[in-house]
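A quick write-up on the structure given underneath.
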Amino acid sequence: MTGASSAPEPRARRLFLSDNRRAWSAIILSGWALVALAQALQGNFLAAYRGTPQPWWPTFGYTAAIYSIWALLSWPIVGAVIAIERRIRRLSLRIIAYLSLWPVVVGAHVLLFALIYWPVYRGGAAATRWEMTSVMFVRILDTSGLLYLALVGLTIGWLRWPRRQAARAASSPTTDDDALVVRNRGTVHRLRFDSIDWIGAAGDYAEIHSAHGAHLIEQSLTSLAERLPTGQFARIHRGALIRIDRVREIAPIGRGDAHVRLTSGAELRLSRRYRANLAMLLAPRSPPAEPVP
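Here you go:
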């Protein structure tokens, strides 16, 4: 969030499965268990096809050990994807962030595997934990990229699905002439325009600050701005817009930027790109000059 006001990012992150974390953990564990089972079946079948059959349970145990590390890393990876999607707007920078995260994930996987499972699988080419990390790096390199991309893709899809649903809801005729009807996780709120102080961006979400508190909705700030009455609200930054009659003071901070102080006490950053437009909108509200005697 811009300016000196508190950023709404933590509220957005609280949407991250906070209501039912145990259920989602069970889903993640079940998903990786199914992947491990499929991988073990494939390996067992190929070994038998080549004429070198392998015992089932050791094969499945080794495969399950590998994917148990992926299960441990799933929450940090999903959290990192959410942070990237929320904070990085440019697609090129997002791609760079995801590519940079991949070697970190691979390194964490081999290190955790060596720390946890070295007592079970030591010996031979893995006499020490460090040697095991080298062996595991070579063994999982071909599949780690695909698994990482799959997890990132599923997380991005999960994040953007509510946005598509909110866009469909926004296109339906459910708005009033004097109020904004927002749907947030199954709950409908009717917010009068004259009760809204300001609205801030939270990545793909928007947070409405009004006299009744803050409401985080699954809709982008740009999409939400199209539903607001022109002449009553103004954008002051790419990440914030305000209700014009809530402006109490504009304090310059240099280089054309300024702080906008609202009657609610909030202080937001005013970008020089939007300063002239805000000044023009505020001009009619200025008191007339005193007549010269």
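Mapping the sequence shown onto my numbering, position 29 (from 1) lands on 15, and the numbers just tick up by one. The beta-carbon is built from N, C-alpha and C at its ideal position, and this holds for glycine as well. Computed from a predicted structure; not experimentally measured.
- Here SER86 is exposed, its C-beta having fewer than 16 other C-beta atoms within 10 Å.
- SER250 is positioned such that its CB atom lies no closer than 8 Å to that of HIS223.
- Per the C-alpha coordinates, the member of ARG36, THR49, ILE63 positioned closest to TYR103 is THR49.
- Its chain contains no residue whose beta carbon lies nearer than 6 Å to that of ARG241 once the 5 sequence neighbours on both sides are disregarded.
- Taking the Cα positions, PRO39 is about 36 Å away from ILE63.
- Under the three-pair Cβ rule at 8 Å, the segment 71 to 91 does not count as touching the segment 22 to 34.
- In this structure GLU204 is buried. Its beta-carbon is surrounded by 16 or more other beta-carbon atoms within 10 angstroms.
- In the DSSP assignment, THR45 falls outside any beta strand (DSSP E) and lies within the alpha helix (DSSP H) extending over 42 to 73.
- ARG36 is classed as exposed because its beta carbon has fewer than 16 other beta carbons within 10 Å across all chains shown.
- The beta carbons of TRP184 and ARG255 sit no closer together than 8 Å.
- The alpha helix (DSSP H) runs of length 4 or more contained entirely in the segment 161 to 241 are, from start to end of the chain, 207 to 211.
- Our two residues, THR45 and SER78, have alpha carbons roughly 41 Å apart in a direct line.
- Nearest in C-alpha terms to ALA57, of all of PRO89, ILE13, LEU27, GLY29, is ILE13.
- Counting only residues of its own chain and dropping the five nearest sequence neighbours on each side, ALA220 has a CB closer than 8 Å to the CB of LEU227, ILE228, ILE230, TYR260, ASN263, LEU264, LEU267.
- Within its own chain, the residues whose Cβ lies closer than 7 Å to the Cβ of ALA94, once the five positions on either side in sequence are excluded, are LEU59, listed in chain order.
- Residue LEU127 holds the alpha-carbon nearest to the alpha-carbon of VAL92 among LEU127, GLU117, ALA83.
- For ARG255, the enclosing beta strand (DSSP E) covers residues 253 to 256.
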